[in-house]
Amino acid sequence: MSSTSPTGAELASTFSPVDIESRLYEKWLSADYFTADASSKKEAFTIVLPPPNVTGVLHIGHALDQTLQDCLSRMKRMKGYEVLWLPGMDHAGIATQNVVEKQIGSKGISRHDLGREAFIKKVWEWKAESGGAILDQMKRLGVSVDWTRERFTMDEGMSKAVVSIFKKMHDAGLIYRAERIINWCPRCLTALSDIEVDHQDDAGEFVQIRYGEGEQSIVVATTRAETMLGDGAVAVHPDDPRYKHMIGTEVLLPLVNRMIPIIADELVEQDFGTGAVKVTAAHDPNDFEMAMRHNVPFVVIMNEHGVMAGTGTEFDGMDRFDARVAVVAKLKEMGRVVAEKRPYIHAVGHCSRCDTTVEPRLSKQWFVKVAPLAKASADAVRSGEVKIEPEALSPRYFEWVDNMHDWCISRQLWWGHRIPVCYGPNGEAKVVGPDEVAPDGWTQDPDVLDTWFSSGQWAFSTFGWPEKTADLAKFYPTSVLVTGYDILFFWVVRMMMMSTFAMDGVAPFKTIMLHGLVRDQFGKKMSKSRGNVIDPIEFMDKYGADALRFTLARGANPGTDQALAEDWIGGSRNFATKLWNATRFAMMNGATVAGPLPEVASLNAIDLWILSRLSETLRDVDALLEGYEFARACETLYHFAWDDLCDWYLELSKETFASENKAASQRVLGHVLDQLMRVLHPVMPFITEELWCTLTGGQSLVVADWPEFNAAHIDKKSESLVTGLQEVVTEVRRFRNDQGLKPSQKVPGRFIGSAEIVEYSSALRFLLKLEDKDFTPSATLEIAGVKIELDLTGSIDVVAERARLEKDLAAAKKDLQTAEVKLGNAGFMAKAPADVVVEIKERLAKTSSDIERITAALAALK
RNA sequence: GGGUGCUUAGCUCAGUGGUAGAGCGUCUCGUUUACACCGAGAAUGUCGGGGGUUCGAAACCCUCAGCGCCCA
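If you count the first sequence from 1, you need to add 1300 to reach our numbering.
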């Protein structure tokens, strides 16, 4: 037998993913299938790829994110949309600078040795050599992105857009410069935004210190004792009876011997610590706010390295952590330490790039005034202009946009978009727009912009903004943003704000589709230290890209994390193999797509049934994918392909394919596989392409039509008939098994009763290994209105058969009782919907007759 | 502390009012010519505890317990 296609192509006897994947990806690229056409008349479907860091390698989270986007892109392309999936990378300010600093550091060179220009040149060189490795890894996954439109957040166009938007926002009063407390990394020597700070529970200390003397003393509690050197006040709650009398008086600040006031502020929690808190205006964001309200002076006690400076005490020159120990020791010596708790576990901010403990620092920085932008972003979702999927995650979005702090956008780095502001000789500042030049003698701000300031423009600058390009007109706003809920807060919200501002109020996406995180097989977070990180490349090598994709999509329930284990991917590989073999088998048996489908009236019930199941599957899968229900879509496809098609249709049809009367079934099977490959293609693009092209001789599934379900094929009659056949097969198999018959052992048997089932006797005999010959029955089964007589050559295992029947009887009795109780319940009869009552009555009838039949069978066994 | 989830078979998870499901794992049988990356059969659940609403609750409400995430 051969598995030759219309084109003469053949399928290898075993499926080997690596043999087809790169070849097919090259084929798609050279056919230009992924290149979008802005002048197309087709409706646009646009996705911008969340740009991975230029320093990044493909991790399993990218694989999930991109699989889902590719599913949507491929489905929409097949549906006839003009699809643009735009790829690119983020320049990732701190991360990239750190990588290159480390690289030159290994040669003993610091960036300061090189100087700014030379260092930036080095970074570009690094990018050219080693940056963007992730893009090639993405190709392994099969992403259908438009590579001709690849962007980088530091490319020329994006740079121009960044300057334009900075000026536009500044002119609108949305950008300002101010002295504020910001998160400062004393190692990276830069400001960090809130989202670049990771909070960890650290073992610190909690020390209560007495300020002042005698009557005029008060005890404050702190986890950062060294900052007391910069205290400007002590704050208590205005209603606190313990301290009410002291408000407005002063106490002596030890060590620095300064008198500081006791102030009252509602924000002080009476129950926390002693109810009195120290106010260190220049080194704590909350204290800063309080100090602004009460005119408390700002006393800076540390330099940018986190070293004590300018306190005029013996602690100057000490590192902040050494100073903490020394200050506590000294206070202890003075008898001022009232209580200590150590270790005291509390959340401490760490630099997300280098893990150094973040130091709140008073510093002059550029800020975005977010209130009006955040409100517009919130309104866009509240009004329904932008939908969040799943809807259940929208409270998290609102929680963020409704309570957003102004955004510090300046970074004391070299790698990034330099702030387009120049300072004059007298300190005057001027924003220098894209086509402007700074006046002579003015110097540009040395700082760069937060990376998110440019990636926040990813949804519109990538289309050529501020020019009025054809791409912008065609592809903005984008159709859907697919990303993990973990970056909802920083990236998604920032894109919402900046796009809505730049694009005259039009939000950047119609839908924000949020997926969860990929975790290990026990649901634990993947991390290097746990050693449970799954490498997508490794698993693609081992099981194929389709297997990885199918596994990830199958696990992607809306908005929830998914566990992933190697076994699951192996299971998906098995599924791919199953598809391969089923197609091979179909082709050996002459499955074809040539010519029209036979008239429904001419088909046997098994062909009608598989067409019906196919249509239902196509209908359901389409709705599920459109609703971003990837997991359920995959589940539906898996069970249709494996259970309905392979386990039942192919098995029930083997007799037909061996007969003369097979032409109609060959055409039906060809059709089912053709349609199945189309609907599976978005999730498993490689294997479906290979199988479909071989089977049909078609050019490519990438540009094939999406399969439409055919309502006329839905046929409940054939479905119930096949359900009956399945019951007969399953029950006889169970009987055979219980009787200890080997699966291959032939047994004489015949079917009596229901004409429509008996019509399929030869198919049933084939599946059940029953012989068609004369015999005297030694066992009789009754299933689905059919009597099955078997010859077990004289004796059957009565004990096993009795056990089986008694088990069935017990189950039937239980069902009967449940039904009787319901029907005997006046409330149920009065209030339950009619169709439910009918259903229960039918169940009652069925279980009653089952009990009768089983009881009789048991009696006959004696 | 504020917000927000979760608790269903050994594991990971579906299941938004009408007889509890899937994948993997487990056990038994099998060299049935598409497939052992397979086939057939089987076992396994007081749906976290308690209370309530309802004719009917895994699902809705209240409460308790445990776990998680985000923010402070």
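Where is the CB? At the ideal position from N, CA and C, for every residue including glycine.
Given the structure is predicted, the values throughout are model-derived calculations rather than measurements.
Asked: Runs of alpha helix (DSSP H) wholly within the segment 2006-2093 (minimum 4 residues, chain order); Found: 2016-2038, 2055-2058, 2061-2068
Asked: Supposed close pair Gly1457, Ser1754 - CB separation, criterion 8 Å; Found: Gly1457 to Ser1754, Cβ: 11 Å. No contact.
Asked: Residue span of the beta strand (DSSP E) that contains Cys1651, given as start and end; Found: 1637-1651
Asked: Through-space distance from Ser1829 to Ala1582, alpha-carbon basis; Found: 36 Å
Asked: Coil, strand or helix - Leu2161 by DSSP; Found: helix
Asked: 6 Å CB neighbourhood of Pro2048 in its chain, flanking five on each side removed; Found: Glu2071, Lys2073, Phe2075, Asp2091
Asked: Where Thr1800 falls: helix, strand or coil (DSSP); Found: helix
Asked: Sequence-distant residues of the same chain with beta carbon closer than 6 Å to Ala2103, five excluded per side; Found: none
Asked: DSSP three-state assignment for Val1596, whether helix, strand or coil; Found: coil
Asked: Outcome for Tyr1325 when other beta-carbon atoms lying within 10 angstroms are tallied against a minimum of 16; Found: buried
Asked: Alpha-carbon to alpha-carbon, Ala1521 and Glu1550; Found: 18 Å
Asked: Terminal residues of the beta strand (DSSP E) in which Tyr1723 lies; Found: 1721-1723
Asked: Sheet register partners of Ser1517 (DSSP bridge); Found: Gly1512
Asked: Cβ shell of Ser1799 (< 6 Å), same chain only, five flanking positions each side left out; Found: Ala1759, Phe1760, Pro1808
Asked: Distance, Pro1695 Cα to Tyr1785 Cα; Found: 12 Å
Asked: Beta-carbon proximity of Val1748 to Arg1718, cut-off 8 Å; Found: yes
Asked: Tyr2060 to Glu1689 span [Cα, whole Å]; Found: 47 Å
Asked: Alpha carbon of Met1608 to alpha carbon of Ile1787, nearest angstrom; Found: 36 Å
Asked: The segment 1960-1972 contacting the segment 1878-1891, beta-carbon criterion three pairs below 8 Å; Found: yes
Asked: Proximal residues to Leu1329 (C-beta, below 8 Å), its chain only, five neighbours per side dropped; Found: Trp1447
Asked: Identity of the residues DSSP links to Ala1535 by a beta bridge; Found: Ile1563, Val1577
Asked: Reference Val1318, options Glu1990, Gly2040, Phe2035, Glu1496, closest by Cα; Found: Glu1990
Asked: Cα-Cα separation between Ser2020 and Ala1905, rounded to whole angstroms; Found: 10 Å
Asked: Cβ neighbours of Thr1527 in the same chain (closer than 6 Å, five flanking residues each side left out); Found: Thr1580, His1583
Asked: Backbone secondary structure at Pro1660 - three-state DSSP; Found: strand
Asked: 8 Å contact criterion, which Thr1490 and Gly1504 should meet: CB distance rounded; Found: About 24 Å; that fails the 8 Å criterion.
Asked: Minimum C-alpha distance to Pro1554 - residue among Lys1376, Gly1997, Ile1509; Found: Ile1509
Asked: Beta bridge counterpart(s) of Val1668 as assigned by DSSP; Found: Ile1475, Trp1707
Asked: Where the beta strand (DSSP E) containing Ser1779 begins and where it ends; Found: 1778-1784
Asked: Simplified DSSP assignment, three categories, for Ile1320; Found: helix
Asked: Reduced DSSP category for Ala1863 - H, G, I as helix; E, B as strand; rest coil; Found: strand
Asked: Counted within 10 angstroms of its Cβ, other Cβ atoms place Arg2036 as buried (16 or more) or exposed; Found: buried
Asked: Trp1765 (DSSP reduced to helix, strand or coil); Found: coil
Asked: Spatial distance of His1359 from Leu1435 (CA atoms); Found: 12 Å
Asked: Residue range of the unbroken beta strand (DSSP E) whose run includes Ile1688; Found: 1687-1689
Asked: Beta strand (DSSP E) segment containing Val1979, residue limits; Found: Where Val1979 is concerned, there is no enclosing beta strand (DSSP E), although the alpha helix (DSSP H) it sits in stretches over 1963-1980.
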